[in-house]
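Residue numbers (our numbering): 295 to 520.
Here the structure comes first, spelled out in structure tokens, and everything after it is commentary.
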């Protein structure tokens, strides 16, 4: 019952979630790995909760709107000595806060990139991409394993069917051979019976001839010679 509930809740594929969020599969995998989106592995595939994705999309849109307002407002309050800062905080992995000023209710933080951490950032990105590729390969392998298991389960009845068919054919051939042998034996007996009947008729004819000639023999034997 618990498995059925999980399957009902997590029935949204990664491809469908990617289209709904208008993001790539890799970006979606990063959100899953960082626990921003919940997921379940069912039958070797990753499934998501549609309600979580819709909530995440609304929060993301709300965050983008607030970031735009913060950026446009904070530019007026940042010290003119700061020449250039990166307005996209999501693309900065390692940074330090250089200035912060309250602007009404909305506020923001301006950060600058530490050049010394670019190597680590690049290495981290490469390793993460490699991990995503391996994760995709693992999912494909699990899917193929599931297909092979299904084929094996389907092939077992076929083997039983071929075995039964072979045994049935063998039995039919044995019965056919026995019938042919019985037919030959019956024909032989019939021929022998015909010969026996023919011989019996010849014997009866000879016996009748002998019996018919017996008075002549007796007459010939007992006739006196003159």
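Built from N, CA and C at the ideal position, the CB exists for glycine as well.
Since the model is a prediction, treat every value here as computed from it, not as a measurement.
Considering only the beta carbon of each residue, do residue i and residue j sit closer than 8 Å?
{"i": "residue 344", "j": "residue 306", "result": "yes"}
{"i": "residue 310", "j": "residue 322", "result": "no"}
{"i": "residue 308", "j": "residue 319", "result": "yes"}
The beta strand (DSSP E) that contains residue i, what's its start and end?
{"i": "residue 342", "result": "339-343"}
{"i": "residue 333", "result": "333-336"}
If we ignore side chains and look at the alpha-carbon of each, how far apart do residue i and residue j end up?
{"i": "residue 424", "j": "residue 327", "result": "14 Å"}
{"i": "residue 416", "j": "residue 426", "result": "15 Å"}
{"i": "residue 461", "j": "residue 473", "result": "18 Å"}
{"i": "residue 510", "j": "residue 496", "result": "22 Å"}
{"i": "residue 501", "j": "residue 515", "result": "20 Å"}
{"i": "residue 487", "j": "residue 469", "result": "26 Å"}
{"i": "residue 314", "j": "residue 414", "result": "32 Å"}
{"i": "residue 366", "j": "residue 356", "result": "Bear in mind that a pLDDT of 46 at residue 366, under 50, signals an unreliable position, so the model cannot answer this."}
{"i": "residue 480", "j": "residue 494", "result": "21 Å"}
{"i": "residue 303", "j": "residue 317", "result": "22 Å"}
{"i": "residue 346", "j": "residue 456", "result": "50 Å"}
{"i": "residue 484", "j": "residue 478", "result": "10 Å"}
{"i": "residue 475", "j": "residue 459", "result": "24 Å"}
{"i": "residue 498", "j": "residue 471", "result": "41 Å"}
(message) Count Cβ pairs between the segment 424-437 and the segment 334-347 that sit closer than 8 Å; are there 3 or more?
(response) yes
(message) In chain order, what are the residue ranges of uninterrupted alpha helix (DSSP H) at least 4 long that sit wholly in the segment 295-326?
(response) 296-303, 308-315
(request) Would you check if the segment 436-451 and the segment 347-354 touch, i.e. whether three or more CB-CB distances between them fall below 8 Å? (result) no
(request) Please specify which runs of the alpha helix (DSSP H), each continuous and at least 4 residues long, are wholly inside the segment 468-508, giving them in chain order. (result) none
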